[in-house]
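Q: All residue numbers for the sequence shown refer to the working numbering, where the first residue is 59 and numbers rise by one.
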Amino acid sequence: MSLLLLSGIGGGRTVFAQEEDSFSAHDFLQRGMRRRMRGEYPDAIYDLTEALRLDDSIPGLYMARGMAYLDRAMKEGRWETLMRAEEDFDRAIYADVNNGRAYALRGFVRALRGNQRGLPDIRQAQQIDSSLPPEGFAALGLYAMDAGAWDQAKLFLEKGISLVAPGFPIRAYMIKKAKDLKELSKQNIRTSTSRRSDGRIVEEGESIQALLLQLQDGTPEQREDAAKQLAIPGNERALQALIDALRDPVLRVRAQAADSLGKIGMPRASKALLAYLDAQDRRFRGVVIRALGEIGSERAKKPLEKRLSSETEKALREEIRVALKKIDEAAFTMKMDLEYMLEEFQVTPQ
59 MSLLLLSGIG GGRTVFAQEE DSFSAHDFLQ RGMRRRMRGE YPDAIYDLTE
109 ALRLDDSIPG LYMARGMAYL DRAMKEGRWE TLMRAEEDFD RAIYADVNNG
159 RAYALRGFVR ALRGNQRGLP DIRQAQQIDS SLPPEGFAAL GLYAMDAGAW
209 DQAKLFLEKG ISLVAPGFPI RAYMIKKAKD LKELSKQNIR TSTSRRSDGR
259 IVEEGESIQA LLLQLQDGTP EQREDAAKQL AIPGNERALQ ALIDALRDPV
309 LRVRAQAADS LGKIGMPRAS KALLAYLDAQ DRRFRGVVIR ALGEIGSERA
359 KKPLEKRLSS ETEKALREEI RVALKKIDEA AFTMKMDLEY MLEEFQVTPQ
């Protein structure tokens with residue numbers, strides 16, 4: 059039988075058209091796994107998608123494709139594939155709620171995307187199987203980096219590296235992050251964007267310093283713009299300046315500062331924001347409420363509940379309910395401090 063070879067189709071994918079005519083779902087699965095191991099990620103994703111099209115009941119298919127998406131993100135910097143990876147791990151968990159590896163993989167993807175809900179995934183993975191897979195330790199390493207807990211991050215990453223054979227993208231990624239720790243600790247920037255960008259650490263530090271000066275000395279428009287640009291998740295360097303900006307004489311600057319504190323997401327900002335729950339301007343109160351919900355700290359729960367009982371604005375009462383729901387969802391994450399995680403996952407210095 060003749061074989062038709064088409065190259066450069068489908069984002070770098072090589073297509074063996076006639077060969078595939080007789081392929082079953084299992085054939086596509088097996089070839090997709092081989093291609094993934096060779097680092098041929100577009101081809102692997104194609105094969106696994108075809109396998110799903112033919113028979114999506116095969117155990118592990120969604121997880122396999124999710125891992126190909128994840129590998130591509132780490133190896134090629136195709137971070138837009140992380141959303142697809144997370145969706146596939148969602149489906150894998152839905153198909154088997156006892157799939158601990160799928161929880162760990164989803165937790166790692168969420169850590170890469172800056173989503174704190176990855177931590178409960180890691181805990182669930184550990185409850186299903188006490189031998190946490192490398193993706194779990196990689197995720198814990200990233201969360202520790204976000205918190206500026208450099209020693210703990212190093213332990214998590216080293217443990218994860220020890221569990222993976224050379225040649226896998228996740229191992230190379232963890233090695234790179236471990237090397238980044240020293241520079242990140244000097245810059246003291248706790249940001250999820252540092253996971254993806256490797257050459258911009260110093261540039262980001264310089265940019266943040268310029269924005270901090272603009273927030274302090276600029277015109278109202280410049281101060282508002284600076285507050286907006288400082289809204290980088292985990293950006294501790296901007297925290298105090300934005301807290302100070304809550305007292306800016308211009309309302310829109312105060313509102314933008316509150317919004318940015320919510321996006322940065324550090325629990326320490328909650329105390330400062332709570333002082334403005336009774337602010338006279340309803341729009342400013344609304345921004346403060348939303349920011350407290352985004353941060354998700356339990357510190358804000360009782361004050362918000364108290365405000366709910368006295369708030370006269372219907373729209374703001376609904377904002378408070380939404381914020382309280384977010385805090386409840388994040389409660390587990392906020393309670394898990396890093397020292398507890400080190401003990402829980404039995405990570406000790408080598």
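Glycine included, each C-beta is placed from N, C-alpha and C at the ideal position.
#1: What three-state label does DSSP hand alanine 169 in the structure shown?
#2: Answer yes if the stretch 151 to 158 comes into contact with the stretch 177 to 190, meaning at least three C-beta pairs across the two stretches below 8 Å, and no otherwise.
#3: How is the alpha helix (DSSP H) around glutamine 338 delimited, first residue to last?
#4: On the criterion of 16 or more Cβ atoms from any shown chain inside 10 Å, does tyrosine 152 qualify as buried, or is it exposed?
#5: Could you check whether the stretch 107 to 114 touches the stretch 126 to 141, counting it as contact only if at least three pairs of C-beta atoms, one from each stretch, sit closer than 8 Å?
#6: Compute the beta-carbon to beta-carbon distance between glutamine 272 and arginine 281, rounded to the nearest angstrom, for a pair I have assumed lies under 8 Å.
#7: Taking the straight line between their C-alpha atoms, what separation do you get for leucine 270 and leucine 319?
#8: If alanine 197 and glycine 165 are in contact, beta carbons under 8 Å, what's the gap, nearest whole angstrom?
#9: Less than 8 Å between the C-beta atoms of leucine 374 and arginine 348, yes or no?
#10: Quick one: what's got a C-beta closer than 7 Å to threonine 251's C-beta in the same chain, skipping five residues either side?
#11: Would you call the CB atoms of alanine 316 and leucine 331 closer than 8 Å?
#12: With a 10 Å radius around its C-beta and 16 neighbouring C-beta atoms as the bar for buried, classify glycine 225 as buried or exposed.
#13: Say whether the stretch 206 to 222 touches the stretch 115 to 124, bearing in mind that this needs 3 or more beta-carbon pairs closer than 8 Å, one atom from each stretch.
#14: Please work out which residues of its chain come closer than 6 Å, Cβ to Cβ, to glutamate 193, disregarding the five sequence neighbours upstream and downstream, and give them in chain order.
A: Judging by the given coordinates:
#1: The residue labelled residue 169 in the question sits at position 111 within the sequence shown. The answer is helix: DSSP assigns alanine 169 an H, G or I state.
#2: yes
#3: Counting from 1 along the sequence shown, the entry for residue 338 is found at position 280. That residue, glutamine 338, is in no alpha helix (DSSP H); it is neither H nor E in DSSP.
#4: Translated into the one-based positions of the sequence shown, residue 152 becomes position 94. Result: exposed.
#5: no
#6: Position 214 of the sequence shown holds residue 272. Position 223 of the sequence shown holds residue 281. That pair is a contact at about 7 Å.
#7: Looking up residue 270 in the sequence shown gives position 212. Looking up residue 319 in the sequence shown gives position 261. Leucine 270 and leucine 319: Cα-Cα distance of roughly 14 Å.
#8: For the purposes of this step, residue 197 is identified with residue 139 of the sequence shown, where counting begins at 1. For the purposes of this step, residue 165 is identified with residue 107 of the sequence shown, where counting begins at 1. Indeed, because the Cβ distance is near 5 Å, the residues count as touching under 8 Å.
#9: Here residue 374 refers to the residue found at position 316 of the sequence shown. Here residue 348 refers to the residue found at position 290 of the sequence shown. For leucine 374 and arginine 348, no; Cβs fall outside 8 Å.
#10: To locate residue 251, count along the sequence shown from 1; it is residue 193. Below a pLDDT of 50, predicted positions are generally treated as unreliable, and threonine 251, at 42, falls in that range; the measurement from the model is reported next regardless. Taken in chain order, the residues that qualify are Ile290.
#11: Position 258 of the sequence shown, counted from the start, is the residue given in the question as residue 316. Position 273 of the sequence shown, counted from the start, is the residue given in the question as residue 331. Yes. Within cutoff.
#12: Along the sequence shown, one-based indexing puts residue 225 at 167. Counting Cβ neighbours within 10 Å, glycine 225 comes out exposed, since fewer than 16 surround it.
#13: no
#14: Position 135 of the sequence shown holds residue 193. The answer, listed in chain order, is Ala162, Leu163 and Phe166.
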